[in-house]
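Sequence lines, in order, name chains A and B. Heads up: the first sequence begins at 0 in numbering that gives the first Met the number 0, then just goes up one per residue. Heads up: the second sequence begins at 0 in numbering that gives the first Met the number 0, then just goes up one per residue.
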Amino acid sequence: MNDTSEPHVAPEPLAKTDGTQDEQQPMVLFEEVQKSYDGESLVVKNLNLSVAKGEFLTMLGPSGSGKTTCLMMVAGFEAATHGEIYLDGRPINSVPPHKRGIGMVFQNYALFPHMTIAENLAFPLQVRGVNKADAEKKVQRALDMVQMGEGGFHGRRPAQLSGGQQQRVALARALVFEPELVLMDEPLGALDKQLREHMQLEIKHIHESLGVTVIYVTHDQGEALTMSDRIAVFNDGVIQQLAPPEVLYEKPENAFVAQFIGENNTLHGKMRSVNDGIARVELTDGEHVQALAINAGPGERTQLSIRPERVEIDPDESVTDHTVTGRVEEVIYLGDHIRTRMTVAGNSDFVVKTRNRLGARRFKPGEKVRVGWATEDCRALDHSA
Amino acid sequence: MASRERAPKQELLAADGTPLKAALRRSQTVERRRAFMLVAPLLFFLLIVFVVPIIAMMWRSVYNPEIRNYLPQTAAALQDWEGQDVPPEPVFQAMAADMIVGVENRTIGRAAARINREIPGARSTVMRTARQVDEWSAPYREKFIEADEDWTNIEFWRILKRESRVVTPTYYLLAVDYEYSSEGEIVPRSEVYQVYKQLFWRTAWMSVFITALCVMLAYPISYMLATQPTRIANLLLILVLLPFWTSLLVRTSAWIVLLQQQGVINELLVALNIIDETGRLRMIYNRTGTIVAMTHILLPFMVLPLYSVMKTIPPSYLRAAKSLGAHPFRAWWRVYFPLTIPGLAAGCILVFILAIGYYITPALVGGDSGIFISNLIAQNMQGSSAQLKLAAALATILLVAVLFIYWLFNRLVGVDKLKFG
Ligand SMILES: Nc1ncnc2c1ncn2[C@@H]1O[C@H](COP(=O)(O)OP(=O)(O)O)[C@@H](O)[C@H]1O
Ligand SMILES: [Mg+2]
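Below you can see the structure in the form of structure tokens.
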């Protein structure tokens with residue numbers, strides 16, 4: 000899915016992009032925000048996050064990691080237990096939700112079932128006292144934007160629309176009053192895969208054409224990679240890494256991010272020494288490999304992370320720095336590429352993805368081969384459980 | 000869309016060539032018959048214990064057979080009489096014949112009793128004459144009049160003629176405080192007897208009032224129930240339903256203990272010096288008592304449908320409305336409230352219809368000013384002065400009123416939209 004296949008040179012580090020936006024007021028700023036529901040455990044722990052104007056920022060993380068809670072604090076439906084949230088420079092902790100002017104798309108759309116589509120869209124305009132003629136025009140424009148302007152949808156009730164259509168209407172309703180900030184909480188979660196992928200692009204295009212700021216919540220990493228300018232990976236109420244998609248995928252900073260984003264091979268070992276950022280790691284089966292020392296120090300246990308498409312079987316010495324032994328367990332033919340599952344250094348779930356190019360060699364289960372990778376592609380991270 | 004360019008409507012055929020519609024209907028007939036068989040026992044049961052008695056009651060409220068059955072010839076002869084003068088000989092002749100038969104069959108007493116209900120004291124006139132009549136011969140007129148002056152009373156004959164109809168509206172007139180004057184005109188009853196119309200009104204407005212109170216109390220309770228976590232909600236729901244688990248009599252007596260003049264509330268107010276001994280509040284054996292106790296008893300019927308509807312409204316609707324810029328009250332009024340109408344309407348119709356026919360509570364705590372029409376219906380059904388036909392007429396009026404309200408409600412809200420729980 001996220002098959003970037005061609006090994007390419009890692010881009011210039013983009014990770015700390017906050018610095019470039021200093022001169023501009025951030026759209027949303029979390030300052031040491033904490034949240035607890037029960038007074039015993041923190042659901043959000045010391046969150047510092049700045050979302051630039053016009054940015055598409057995704058909060059990505061497993062279920063229960065506190066993403067929705069963060070979004071609800073921005074929207075005003077949950078109060079921060081500690082810390083302050085700024086909207087366009089103004090602290091908003093004491094501003095009620097209806098005065099924040101933030102568009103929101105809910106997971107189950109929350110379209111008002113007793114109102115028609117047109118009435119649903121006119122609602123935010125009505126409460127703002129927009130006159131009828133203007134409101135009608137805006138409603139039409141918003142529906143056009145989500146490609147629901149024609150086909151007689153105006154007079155229908157939400158229940159008479161398909162899931163995808165409801166999703167579009169919910170999107171149009173969140174945008175119709177031209178908010179500067181739109182929050183979306185797993186808006187595509189209820190759609191089937193094909194429609195979801197279509198809508199991802201559509202939302203991205205709408206974002207680009209309107210220039211609104213979007214904070215998007217999802218637990219689907221593919222979705223996050225497709226749509227976002229930057230992704231904040233959440234786990235356990237803490238941002239694990241905040242970076243653009245390509246950095247997140249190629250330069251995960253800890254084991255959680257490496258595991259959570261894309262497919263990942265892990266090898267366990269102990270770091271023996273670090274020299275100039277390059278670590279020597281002794282794997283569990285005694286072999287030694289080199290890796291980038293990212294998140295572990297000498298003498299510590301470490302977890303090596305290598306992307307499946309960056310592994311070469313029987314490689315040229317010129318490409319890889321060294322090789323280790325692997326035993327082929329299973330070969331899966333997937334058309335455009337071939338997955339070879341093998342045991343490497345005690346890990347029987349080590350996957351190698353190779354492009355199905357002309358003359359590519361197919362291995363047999365049980366075969367012993369050498370596998371190798373470039374040192375830059377192998378990251379020595381913390382040893383998570 | 001693509002479906003727009005469909006071929007002009009054409010009858011579809013099933014595989015065997017029969018029209019699809021007919022085939023579908025045939026295949027559904029079996030299904031429908033089976034469904035009917037399933038409900039047939041219940042239908043039959045309802046017919047026997049519900050529909051038939053109601054029809055019998057309605058029939059009884061207008062059925063007036065005594066004169067026609069026990070004095071048939073007189074009834075026939077009176078049809079030609081104009082009602083201006085003492086009836087002519089043929090009427091007396093018919094009366095004599097009827098009396099002879101009546102004495103023989105021992106039915107004359109019943110006829111006399113029936114006449115006595117309209118004209119007090121007429122029984123003795125009839126019975127005395129009946130005992131002599133077999134010794135007389137035609138012409139009878141003089142002999143009747145000779146025997147008793149009362150036979151010249153034109154009013155007596157008019158009433159007899161009026162009551163010779165098998166179907167009579169008399170009891171309905173009584174039920175709304177009207178009666179026939181001796182001239183046969185429909186006139187209001189004298190003030191002292193006017194009770195029913197006033198009682199119908201009282202029953203209606205007090206039922207409306209009780210329903211309104213139930214709405215005011217139940218709406219916030221249900222909202223709280225629906226928004227609490229399940230564990231707490233279930234506990235609260237049990238508290239709301241508790242009244243269902245105790246006997247109606249126990250609950251009503253509890254209110255008596257609380258509300259009477261030597262009761263808990265009055266004692267407390269006196270003890271706190273809020274009122275003094277002479278100012279003890281009368282809260283029971285009057286309207287207040289009825290309203291308080293009935294509101295309490297009927298509250299669950301409002302809470303349950305409201306709660307079940309509110310529980311299905313996701314909190315995200317209100318949040319969405321607020322995020323779209325609506326003030327919390329406006330969000331509630333435009334988004335939440337309309338969605339609760341099916342439950343609210345169901346609760347209202349349930350409580351109102353239950354209230355309007357309520358008997359036991361008004362009887363126990365209503366005193367004089369707090370009783371309902373059903374209490375008078377009951378009164379007319381028991382005791383030596385029972386007037387079953389009047390009771391039937393009152394009950395029929397109540398039934399029709401309820402049906403009318405239900406119909407009206409259906410027109411306004413639509414019963415199919417209701418959610419009872
Ligand atoms: N209203 C609430 N009351 C108590 N706990 C809550 C509430 N909402 C969420 N939580 C808890 O907070 C944690 C984070 O939830 P949430 O923000 O919804 O996570 P996510 O959206 O990432 O799945 C979860 O453990 C959840 O059980
Ligand atoms: Mg969530």
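The beta carbon of each residue, even a glycine, is placed where N, CA and C say it ideally should be. Being a predicted model, the structure only gives us computed values, none of them experimental.
Does any residue of chain A bring its CB to less than 9 Å from the CB of B:S26?
On the second sequence, residue 26 of chain B is found 27 positions in, with the first residue counted as 1. It does not; no Cβ of chain A falls within 9 Å.
Using the C-alpha atoms, what's the distance from B:Q378 back to B:T124?
Counting from 1 along the second sequence, the entry for residue 124 of chain B is found at position 125. Counting from 1 along the second sequence, the entry for residue 378 of chain B is found at position 379. Roughly 31 Å separates the two Cα atoms.
Per DSSP, what are the beta-bridge partners of B:P187 in this structure?
The residue you call residue 187 of chain B lines up with position 188 of the second sequence. Looking at the DSSP assignment, B:P187 forms a beta bridge with B:Y177.
Using a Cβ-Cβ cut-off of 9 Å, state whether A:V351 counts as contacting chain B.
Here residue 351 of chain A is taken as the residue at index 352 of the first sequence, counted from 1. No, because no Cβ of chain B sits closer than 9 Å to the Cβ of A:V351.
Can a CB atom of chain B be found closer than 9 Å to the CB of A:G38?
On the first sequence, position 39 is the one that residue 38 of chain A refers to. Taking Cβ atoms only, chain B never reaches closer than 9 Å to A:G38, which makes this a no.
Just to make sure I have the definition right: I need the residues of chain B whose C-beta is within less than 7 Å of the C-beta of A:R140. Which are they?
By 1-based counting over the first sequence, the position of residue 140 of chain A is 141. Those within 7 Å of A:R140 in chain B number zero; the least Cβ separation is about 17 Å.
Other residues of its chain near B:M205: CB distance less than 6 Å, five sequence neighbours each side excluded
Numbered from its first residue, the second sequence carries residue 205 of chain B at position 206. Hits under 6 Å: none found.
Could you confirm whether any beta carbon from chain A is found closer than 9 Å to the beta carbon of B:G324?
As a working note, residue 324 of chain B is residue 325 in the second sequence. At least one chain A Cβ lies under 9 Å of B:G324.
So A:V104 is in the beta strand (DSSP E); what residue range does that whole segment cover?
Here residue 104 of chain A refers to the residue found at position 105 when the first sequence is read from its first residue. From DSSP, the beta strand (DSSP E) with A:V104 extends over G102 to V104.
Using DSSP's beta-bridge definition, name the partner residues of A:P90.
Locating residue 90 of chain A in the first sequence gives position 91, counting from the first residue. DSSP lists A:Y85 as partners of A:P90.
Local conformation of B:K418 per DSSP, three classes:
Residue numbering aside, residue 418 of chain B sits at position 419 when the second sequence is read from its first letter. If DSSP states are grouped into helix, strand and coil, B:K418 belongs with coil.
Quick one, which of A:P243, A:L303 and A:A359 has its alpha-carbon nearest A:H267's?
One-based indexing of the first sequence puts residue 267 of chain A at position 268. Of the candidates A:P243, A:L303 and A:A359, the one whose C-alpha sits nearest the C-alpha of A:H267 is A:L303.
Could you tell me whether the segment 339-357 of chain A touches the segment 264-282 of chain A, where touching means 3 or more Cβ pairs closer than 8 Å?
yes
For A:R356, count neighbouring Cβ atoms within 10 angstroms of its own Cβ and tell me buried if that reaches 16, exposed if not.
For the purposes of this step, residue 356 of chain A is identified with residue 357 of the first sequence, where counting begins at 1. That one is exposed.
Reducing DSSP to helix, strand and coil, say where B:R31 ends up.
Residue numbering aside, residue 31 of chain B sits at position 32 when the second sequence is read from its first letter. Reduced to three states, the DSSP call for B:R31 is helix.
Since A:F176 meets chain B, which of its residues come closer than 8 Å, beta carbon to beta carbon?
Mapped onto the first sequence, residue 176 of chain A falls at position 177. Result: L323 and G324.
Can B:T289 be considered in contact with ligand 1, in the sense that its beta carbon sits closer than 8 Å to one or more heavy atoms?
Taking the first residue of the second sequence as 1, we reach residue 289 of chain B at position 290. False, no ligand heavy atom lies under 8 Å from that Cβ.
Just the Cα atoms here: how many angstroms apart are B:G108 and B:L305?
Indexing the second sequence from 1 puts residue 108 of chain B at position 109. Indexing the second sequence from 1 puts residue 305 of chain B at position 306. Their Cα atoms are separated by approximately 59 Å.
Can A:E185 be considered in contact with ligand 2, in the sense that its beta carbon sits closer than 8 Å to one or more heavy atoms?
In the first sequence, residue 185 of chain A corresponds to position 186, counting from 1. Yes, the beta carbon of A:E185 sits closer than 8 Å to at least one heavy atom of ligand 2.
Going by Cα to Cα distance, which pick from A:G38, A:L46, A:G188 and A:G75 is closest to A:D235?
For the purposes of this step, residue 235 of chain A is identified with residue 236 of the first sequence, where counting begins at 1. The option with the nearest alpha carbon to A:D235 is A:L46.
Start-to-end residues for the alpha helix (DSSP H) that takes in A:H197:
On the first sequence, position 198 is the one that residue 197 of chain A refers to. Its alpha helix (DSSP H) spans residues K192 to L209.
Based on the DSSP secondary-structure assignment, which residues constitute the bridge partners of A:L46?
Locating residue 46 of chain A in the first sequence gives position 47, where the first residue counts as 1. In DSSP, A:L46 forms a bridge with A:V32.
Going by beta carbon distance, what residues of the same chain come within less than 7 Å of A:F259, once the five residues before and after it are set aside?
If you number the first sequence from 1, residue 259 of chain A lands on position 260. Cβ neighbours of A:F259 beyond the five flanking positions: Q220 and V232.
Nearest-angstrom Cα distance between A:V412 and A:T301?
A question about residue 412 of chain A goes unanswered here, because the residues of chain A that appear run from 0 up to 384.
Leaving out five residues before and five after A:Y248 in sequence, what residues of the same chain have Cβ atoms less than 6 Å from its Cβ?
Within the first sequence, residue 248 of chain A is the residue found at index 249, counting from 1. Once the five neighbours on either side are set aside, the close Cβ partners of A:Y248 are I260 and G261.
Through-space distance from B:T73 to B:P119, alpha-carbon basis
Reading the second sequence from its first residue, position 120 is the one you call residue 119 of chain B. Reading the second sequence from its first residue, position 74 is the one you call residue 73 of chain B. Their Cα atoms are separated by approximately 20 Å.
Per-residue contacts from A:A74 into chain B (C-beta, under 8 Å)
Looking up residue 74 of chain A in the first sequence gives position 75. In chain order: R318 and S322.
Here's the rule: buried if 16 or more other CB atoms are within 10 angstroms of the residue's CB, otherwise exposed. What is B:A34?
By one-based count along the second sequence, residue 34 of chain B stands at place 35. B:A34 should be labelled exposed.
Starting from B:W332, trace the alpha helix (DSSP H) in both directions and tell me its first and last residue.
The residue given as residue 332 of chain B occupies position 333 in the second sequence. Run containing B:W332: none; DSSP gives neither H nor E here.
How long is the line joining the alpha carbons of B:Y405 and B:L398, rounded to whole angstroms?
Within the second sequence, the letter at position 406 stands for residue 405 of chain B. Within the second sequence, the letter at position 399 stands for residue 398 of chain B. Roughly 11 Å between the two C-alpha positions.
What residues does ligand 4 have around it, judged by CB closer than 6 Å to any heavy atom, in chain order?
With respect to ligand 4, the structure shown offers nothing to examine, as its ligands consist of ligand 1 and ligand 2.
Integer Cβ distance of B:I185 from B:Y179, believed to fall under 8 Å
Residue 185 of chain B sits at position 186 when you count from the first residue of the second sequence. Residue 179 of chain B sits at position 180 when you count from the first residue of the second sequence. Yes, B:I185 and B:Y179 are in contact; Cβ-Cβ is about 6 Å, under 8 Å.
Have a look at A:A379, A:I214, A:D284 and A:H287 and flag the residue whose alpha-carbon is nearest the alpha-carbon of A:G296.
For the purposes of this step, residue 296 of chain A is identified with residue 297 of the first sequence, where counting begins at 1. Residue A:A379 is the option with its Cα nearest to A:G296.
Any C-beta of chain B within less than 7 Å: which residues of the segment 121-151 of chain A qualify?
F122, P123, V126, R127 and G150
Would you grab the beta carbon distance between B:L258 and B:G288 for me? Rounded to a whole angstrom, and I think it's under 8 Å.
Residue numbering aside, residue 258 of chain B sits at position 259 when the second sequence is read from its first letter. Residue numbering aside, residue 288 of chain B sits at position 289 when the second sequence is read from its first letter. 6 Å between Cβ atoms; contact.
Return the first residue and the last residue of the alpha helix (DSSP H) that B:W80 is part of.
Residue numbering aside, residue 80 of chain B sits at position 81 when the second sequence is read from its first letter. Looking at the DSSP string, B:W80 is not in any alpha helix (DSSP H), and its letter there is neither H nor E.
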